[in-house]
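Undergrad: Just dropping this structure here.
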Amino acid sequence: MNAKARTARQTLRQRAINFRAARKARGAVASGTPQTARTHLVAAGIETGLAKRFASAFSTRVTPTATTTAPIKLRGRVRKSVAVKLYDLATFAARLAVYRPKDRAAAARFERAAHQLAA
Numbered sequence: 004m005n006a007k008a009r010t011a012r013q014t015l016r017q018r019a020i021n022f023r024a025a026r027k028a029r030g031a032v033a034s035g036t037p038q039t040a041r042t043h044l045v046a047a048g049i050e051t052g053l054a055k056r057f058a059s060a061f062s063t064r065v066t067p068t069a070t071t072t073a074p075i076k077l078r079g080r081v082r083k084s085v086a087v088k089l090y091d092l093a094t095f096a097a098r099l100a101v102y103r104p105k106d107r108a109a110a111a112r113f114e115r116a117a118h119q120l121a122a
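One gets the working numbering by counting positions in the sequence shown from 1 and adding 3 to each.
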């Protein structure tokens, strides 16, 4: 298998992953229940990897609408419950309007997402 075909398959695989994640996130946000910052970012049009990277910084110093617990997997079969902050759409939109990462490319994507959400 040559590198060109491998790259093309990886591109298609990543597009499918992003499409499925965005579809699932849009459905979750449309339900009206508070969601995590990462889910809101994916629903707003930010790629899954970028949303995962910036979700923690995005939600810093923002008062959550609600909190819940969720299990995370540690080593082996060990699981731990951690607190998860949830935000409603109004809180998310207000934060997205002012938050810009230092990375210029990411900041441009966040700005486009803010404009699309405001429209």
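Even for Gly, the Cβ is constructed at its ideal location relative to N, Cα and C.
Using DSSP with H/G/I as helix, E/B as strand and the rest coil, what is leucine 92?
TA: In the structure shown, leucine 92 sits in a helix (DSSP, three-state: H, G or I).
Undergrad: Mind checking which residues open and close the alpha helix (DSSP H) that includes threonine 51?
TA: Segment 51–61, the alpha helix (DSSP H) holding threonine 51.
Undergrad: Under the three-state reduction of DSSP, which class applies to arginine 82: helix, strand or coil?
TA: Of the three classes helix, strand and coil, the one that applies to arginine 82 here is strand, per DSSP.
Undergrad: Beta strand (DSSP E) containing alanine 25: first to last residue?
TA: Unbroken run through alanine 25 is the alpha helix (DSSP H), 6–33; no beta strand (DSSP E).
Undergrad: What does DSSP give as the partner residue(s) for proline 74 in the beta ladder?
TA: Proline 74 pairs with Ser84.
Undergrad: Which word fits histidine 118, buried or exposed, when buried means at least 16 other C-beta atoms lie within 10 angstroms of its C-beta?
TA: Answer is exposed; the Cβ neighbour count stays below 16.
Undergrad: Can you have a look at alanine 47 and say buried or exposed, based on whether 16 or more other CB atoms are within 10 angstroms of its CB?
TA: That one is buried.
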